[in-house]
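Enquirer: Starting off with a structure, shown below.
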Amino acid sequence: MTDRAWFDAAKGDIPQWAASMPKDADGTTIDWDWVRSLDLAHGVGTIPESTPQSIHDALKVDYATRERLESIIAQCNSAFMTDFDRFIGSYRLPRALAYANRRLNDNINTLLHLGEQQHLWAVSRERRGRATIAVLKPYSGSGPSNDDQGMLDLSGETGGASAGNTAAENSDVKFPTTVALDDIQDRTAAILDARAERRKAQRFQKRAGDAAMARANLSGATSPGGAALPGGAAASGNATGHHPKPDWRDAYLPGRDVDAVMGIDIETTGIDPARDYIIDVGFEFMNMASPRPAGEPETYAYEQGYYAAGDAYGQSRLAFGVPPENAALGNVLIAKLTGIDVRGRSSEAGYRLFDEWPQAQAGLLARLTQQPYVAHNATFEHSWFMLNVAGYAESYRAGRITIIDTLPMSRQWDPGAVPTNEHPYGDNTLDAYAKRQGALDSAHNERHLGLEDSHIMLVAMKHHLAALKAQGKGPWGPTGRAGVGGKSCGRKR
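Note that UniProt numbering has the sequence shown beginning at 1, numbered continuously upward.
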């Protein structure tokens, strides 16, 4: 199968998805014929003329397309994971939609930048509810400036469906600035907030229904001691009634028999796997109980010279690129955080894109399925792998992937994670956890590179598990689990 042939195969799955997922994440009936009509491989963005109204209209169309795509993508995980009859055989359609949506998002950002250059509007990035969005305001000559974002080439040399290559070639050309802004505002935050409220209401209704059923079935029931239970439900707990609140993250905690694991960390151009790109992947292996394998090199040169390989082995660092349109805009935040300047990571500079490199995806998947993988806030990596790695979603659903997370280890088992006003559950960042566990000197900070962060995470995990075992806590405590632990589909706890 060629690199592009999988898009056709993905569209071939539409009947399966249509039968199983009639509505999107916002409760809207999905027009699957519209999905079938999209050119996912070559781009779904709009190329405008250089006139202000054309730029406005293109942005309006692209925003509407992105909203439709993302509401479908957001529902796919739930539909796929609850397809217990396995009617949906593959997750490649959501991956293809996300592939197209990333390029569409680049096109939107290019149009926003172009509008700024032509003084049609000023763009500010503002946190609204659950998202940071682009807010358009009338250009005043003294509005927010994004000059340090990158060097967008308006000459039309970049090419591609998302390049905006019909933009004005002369930035000194004067355009009227009377385009409407109300109908081209980013609605992402409003959509996410409404979606969250709708799901909250659905959960409340379900709990209320379950409680009503329990009362109907257990009315008049008594506890083993003979005391009637409120609402007919069984009371539990100690005399004080105080218990740690159950946390869904506990499913990712390791078990007492965990040993060989793969630690992994990724760096990305943003936080949304349906909009942003993976640009750095680092992983290594470590045994939590048994000695490191004989014959493995005992040293490794990390970027941070004060890191020692110790028990780690099989270190690997993978660098990936971004499309030319994304590189042209730059990404100041990511450059400051990681040191990776995407302006030098264009595919035209020889960097391959992770979502266009099947061999890289296959190699990573093979490693992720060989033993449990560990990440800090592992749901982040998991969400990116679902929409970027061919076969990952299918392997995860089939129970071939086990995920361990060091974030709940910090939150549940590290007494140093003291709650504060700033951190109600304690400071559970990788930086803080690694320092408390002696994996990172207090004089240094988390590097925000895949391999280096994977290393301090595994060192911290090994130190922590050794201390917990000596104290009879954590996996060796009353609520600990046998086996390797972690989250894996289909395995009973």
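Ideal Cβ placement from N, Cα and C applies to all residues, glycine included.
On a predicted model such as this, the values are computed, not experimentally measured, just so you know.
Assign VAL179 to buried or exposed, taking buried as 16 or more other Cβ atoms, counted over all protein chains shown, within 10 Å of its Cβ.
Expert: Flag for VAL179 reads buried.
Enquirer: Round the Cβ separation of SER395 and ILE401 to the nearest angstrom and send it over; I've been treating them as touching at under 8 Å.
Expert: So it is a contact: roughly 5 Å between Cβ atoms.
Enquirer: Determine the closest residue to ASP8 out of THR29, ARG92, ALA360, PHE385, with distance taken between C-alpha atoms.
Expert: Taking only the C-alpha atoms, the option nearest ASP8 is ARG92.
Enquirer: Sorted by chain position, which residues of the same chain lie with C-beta nearer than 7 Å to ASN428's C-beta, five sequence neighbours on each side aside?
Expert: Correct list, in chain order: LEU407, SER410, ARG411, ALA417.
Enquirer: For the alpha helix (DSSP H) containing LEU468, list its first residue and its last residue.
Expert: First-last of the alpha helix (DSSP H) with LEU468: 450-471.
Enquirer: Short of 6 Å in beta carbon distance, which residues of its chain neighbour ASN331, apart from the five on each side in sequence? Order them along the chain.
Expert: Excluding positions up to five away in sequence, the list reads THR269, VAL342.
Enquirer: Less than 8 Å between the C-beta atoms of LEU353 and GLY399, yes or no?
Expert: Contact: no.
Enquirer: Rounded to whole angstroms, what is the Cα-Cα separation between ASN217 and ALA201?
Expert: Cα to Cα, ASN217 sits roughly 24 Å from ALA201.
Enquirer: Is DSSP giving THR65 helix, strand or coil here?
Expert: Here THR65 sits in helix by DSSP.
Enquirer: Look at the alpha carbon of ASP259 and the alpha carbon of ALA289, and state the distance between them as a whole number of angstroms.
Expert: Spanning the two alpha carbons is a distance of roughly 5 Å.
Enquirer: Taking the beta strand (DSSP E) that VAL261 belongs to, which residues open and close that run?
Expert: First-last of the beta strand (DSSP E) with VAL261: 260-268.
Enquirer: What number of angstroms, rounded off, separates the C-alpha of ASP441 from the C-alpha of LYS435?
Expert: The alpha-carbon atoms of ASP441 and LYS435 are separated by roughly 6 Å.
Enquirer: If you pair each beta-carbon of the stretch 262-279 with each one of the stretch 445-456, do three or more pairs fall below 8 Å?
Expert: Touching, per the Cβ criterion.
Enquirer: Compare the C-alpha of THR132 against each of MET286, ASP272, THR51 and name the closest.
Expert: Comparing Cα positions, the closest option is ASP272.
Enquirer: Enumerate in chain order the residues of its own chain whose CB-to-CB distance from LYS60 is below 8 Å, with the five nearest sequence positions on each side excluded.
Expert: Once the five neighbours on either side are set aside, the close Cβ partners of LYS60 are ASP183, ILE184.
Enquirer: Near TYR300, which residues of its chain fall below 6 Å by C-beta distance, leaving aside the five closest residues on each side in sequence?
Expert: Same-chain partners within the cutoff: ALA309, GLN315.
Enquirer: Based on the DSSP output, what are the partners of ALA134 in its beta bridges?
Expert: Paired residues: ARG125.
Enquirer: Measuring only the C-alpha atoms, how far is SER383 from ILE73?
Expert: Using only the alpha carbons, I get a separation of about 12 Å.
Enquirer: Over what stretch of residues does the beta strand (DSSP E) that includes MET386 continue unbroken?
Expert: Here MET386 belongs to no beta strand (DSSP E); instead the alpha helix (DSSP H) covers 378-388.
Enquirer: Rounded to whole angstroms, what's the CA-CA distance from ARG130 to THR188? Just pull it up for me.
Expert: Approximately 9 Å between the Cα atoms of the pair.
Enquirer: Excluding five sequence neighbours on each side, which residues of the same chain lie with their C-beta closer than 7 Å to the C-beta of LYS473?
Expert: Cβ within range, chain order: TRP413.
Enquirer: Which same chain residues, not among the five before or five after PRO22, have their C-beta less than 8 Å away from its C-beta?
Expert: Cβ within range, chain order: THR29, ILE30.
Enquirer: Given LYS487, which residues of its chain have a CB within under 6 Å of its CB, disregarding the five upstream and five downstream residues?
Expert: Hits under 6 Å: ALA251, TYR252, ILE403.
Enquirer: Along the chain, where does the alpha helix (DSSP H) containing ILE334 start, and where does it finish?
Expert: 332-338 is the span of the alpha helix (DSSP H), which, as asked, contains ILE334.
Enquirer: Whose C-alpha, out of TYR313, GLY282, GLU284, TYR277, is nearest the C-alpha of PRO293?
Expert: Residue TYR313 is the option with its Cα nearest to PRO293.
Enquirer: Could you give the C-beta distance for ASP24 and SER71, rounded to a whole number, given that I count them as a contact under 8 Å?
Expert: Yes, ASP24 and SER71 are in contact; Cβ-Cβ is about 4 Å, under 8 Å.
Enquirer: Tell me which residue opens and which closes the alpha helix (DSSP H) that GLN20 is part of.
Expert: The sequence shown places Ser at residue 20, not Gln. Segment 14-20, the alpha helix (DSSP H) holding SER20.
Enquirer: Taking the alpha-carbon positions, what's the THR51 to ALA439 distance?
Expert: Roughly 56 Å separates the two Cα atoms.
Enquirer: Taking buried to mean at least 16 other C-beta atoms within 10 Å of its own C-beta, is residue 579 buried or exposed?
Expert: Lying outside 1 to 493, the shown extent of the chain, residue 579 is not represented and no answer is given.
Enquirer: Return the chain-ordered list of same chain residues with a C-beta closer than 6 Å to the C-beta of GLU296, the five sequence neighbours on each side being excluded.
Expert: The residues are TYR313.
Enquirer: For GLN315, which of helix, strand or coil comes out of DSSP?
Expert: Of the three classes helix, strand and coil, the one that applies to GLN315 here is strand, per DSSP.
Enquirer: I think GLY27 touches ARG103, with their Cβ atoms under 8 Å apart; what is that distance to the nearest whole Å?
Expert: That pair is no contact at about 27 Å.
Enquirer: Could you give the distance in angstroms between the alpha-carbon of GLU267 and the alpha-carbon of CYS489?
Expert: Rounded to whole angstroms, GLU267 to CYS489 spans 26 Å at the Cα level.
Enquirer: Just confirm the distance between the C-beta atoms of HIS448 and THR338, as a whole number of angstroms; I'd bet it's less than 8 Å.
Expert: Their Cβ separation, rounded to whole angstroms, is 5 Å, which keeps HIS448 and THR338 in contact under 8 Å.
Enquirer: Give me the Cα-Cα distance between PRO291 and ASP257, rounded to the nearest whole angstrom.
Expert: If you take the alpha carbons of PRO291 and ASP257, they lie about 14 Å apart.
Enquirer: With burial defined as no fewer than 16 other Cβ atoms inside 10 Å of the residue's Cβ, what is the status of LEU154: buried or exposed?
Expert: Reliability of the predicted coordinates at LEU154 is poor, the pLDDT of 38 falling under 50, and the value obtained from them is presented with this limitation in mind. When all chains shown are included, LEU154 counts as buried.
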